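One structure is given below, encoded as structure tokens.
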Amino acid sequence: MTQSATFMALRVRPRTMTEASHARIAVTGTPGTGKTSICRLSESMVSVADLAVKADAIGEVDDSDGAAPIDIEKLRQFLATKWAQPAEETLLVDGHLSHLLPIDAVVIIRCDPRILRERMAARGWSESKVEENAEWELLGGAWSELEEWSGVPILELESTDVSPASLFQAIWGWAGVAFKPDSPERPIDWVERIHG
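So for the sequence shown, the working numbering puts the first residue at 21; every next one is plus one.
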């Protein structure tokens, strides 16, 4: 397989180069797809969890799944004030809930659910958590919330066999050309790819 990123985007609104060079970009997708590995390559990134802590919008860790619930509405209200002005630099916002925040563009990171299962199992996640997340990816869960992004540029990248550095460069390249896709295509359909 190739190490270059496959571009897939929908609903791209026109933007100027000035806008494109300074944007808040949500990097979202199923847990384990590589979002954090990609975002850590940026000099300017923040996680949804860190933002939630600053906004006092994070709950106690749930023993059943090891996750701390985030009050998205409270976080949105906090950021509506904090991010009222245009971005001063390009900021990658890391997290599977990042697309629910007041952002300028969305990147959805996708991964073959079979590989995703391996990644999550290697992290020591419970079988139920692995299956729940693999099913979410298989069904294209991130796309089910597309209405949240009405009018926002969207890029979908596959991370199955592509390095985080290549994906980071693809995101930066996309932002640098005012969020214009190279070749708009339909979203990845894992059910079709895996089960024909």
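Each residue gets a CB set at the ideal place from its N, CA and C atoms; glycine is no exception.
Note that the structure is a prediction, hence the values are computed from the model and not measured.
Between residue i and residue j, what straight-line distance do the alpha-carbon atoms span, to the nearest angstrom?
i      : j      : result
Leu175 : Val150 : 25 Å
Gly193 : Ser183 : 15 Å
Glu165 : Ala72  : 20 Å
Met37  : Gly196 : Here the model assigns Met37 a pLDDT of 35, short of 50, so the residue's position is not dependable, and the following value carries that caveat. Between Met37 and Gly196, the C-alpha separation is close to 7 Å.
Met140 : Asp85  : 13 Å
Arg206 : Val113 : 24 Å
Leu177 : Arg130 : 6 Å
Leu187 : Trp103 : 26 Å
Met21  : Glu109 : Caution applies to Met21, whose pLDDT of 35 falls short of 50 and renders its modelled position unreliable; the value that the coordinates give is listed next. Their Cα atoms are separated by approximately 34 Å.
Ile208 : Phe98  : 33 Å
Arg60  : Gly216 : 35 Å
Looking at the unbroken beta strand (DSSP E) that takes in residue i, where does it start and where does it end?
i      : result
Glu178 : Ile174 to Glu178
Arg130 : Ala125 to Arg130
Leu187 : Here Leu187 belongs to no beta strand (DSSP E); instead the alpha helix (DSSP H) covers Pro184 to Gly196.
On a CA-only basis, which of the options is nearest residue i? Give me that one, please.
i      : options                          : result
Ala100 : Ala75, Leu111, Glu108 and Glu109 : Ala75
Gly171 : Val126, Ala190 and Ile135        : Val126
Ile92  : Leu121, Ser64, Val81 and Glu80   : Leu121
His119 : Lys102, Trp156, Gln189 and Arg96 : Arg96
Ala190 : Val66, Ile58 and Arg44           : Ile58
Arg44  : Arg60, Met65 and Leu111          : Leu111
Trp163 : Asp181, Lys94, His116 and Arg143 : His116
Ile135 : Gly144, Ser146 and Ala154        : Ala154
Pro89  : Phe98, Ile78 and Asp83           : Ile78
Pro173 : His215, Trp145, Val81 and Lys200 : Lys200
Lys94  : Gly161, Ser148, Val68 and Gly216 : Val68
Glu212 : Thr180, Gly160 and Asp70         : Gly160
Quick one: residues in its chain with C-beta nearer than 8 Å to the C-beta of residue i, no 5 flanking neighbours on either side, listed in chain order?
i      : result
Glu39  : Residue placement at Glu39 cannot be trusted, given a pLDDT of 45 that sits under 50; what the coordinates show is reported in the next sentence. Excluding sequence neighbours, Glu39 sits near Pro106, Asp124 and Ala198.
His42  : Pro106, Ala107, Glu108, Glu109 and Thr110
Ile214 : Asp132, Pro133, Arg134 and Leu158
Asp82  : Ala88 and Pro89
Excluding the 5 residues preceding and the 5 following residue i in the sequence, name in chain order all residues of the same chain whose CB lies nearer than 6 Å to its CB.
i      : result
Trp210 : Pro133 and Leu158
Lys237 : In this structure the chain extends from 21 to 216, so residue 237 is not present and cannot be described.
Pro51  : His116 and Asn153
Could you give the residue range of the alpha helix (DSSP H) that holds residue i?
i      : result
Val211 : Trp210 to His215
Val150 : Glu147 to Leu158
Ile135 : Pro133 to Ala142
For residue i, which residues in the same chain have their Cβ closer than 7 Å to its Cβ, ignoring the five residues on either side in sequence?
i     : result
Gln23 : Any reading at Gln23 needs caution, since the residue's pLDDT is 37, under 50, leaving its predicted position unreliable; the model's value is listed next. Answer for Gln23: Val182, Ser183 and Ser186, listed in chain order.
Within the stretch 44 to 74, ranges of the alpha helix (DSSP H) (whole runs, at least 4 residues): 55 to 59 and 68 to 74
query: Which ranges would you report for the alpha helix (DSSP H) in the stretch 83 to 116 if only whole runs of at least 4 residues count?
result: 92 to 102
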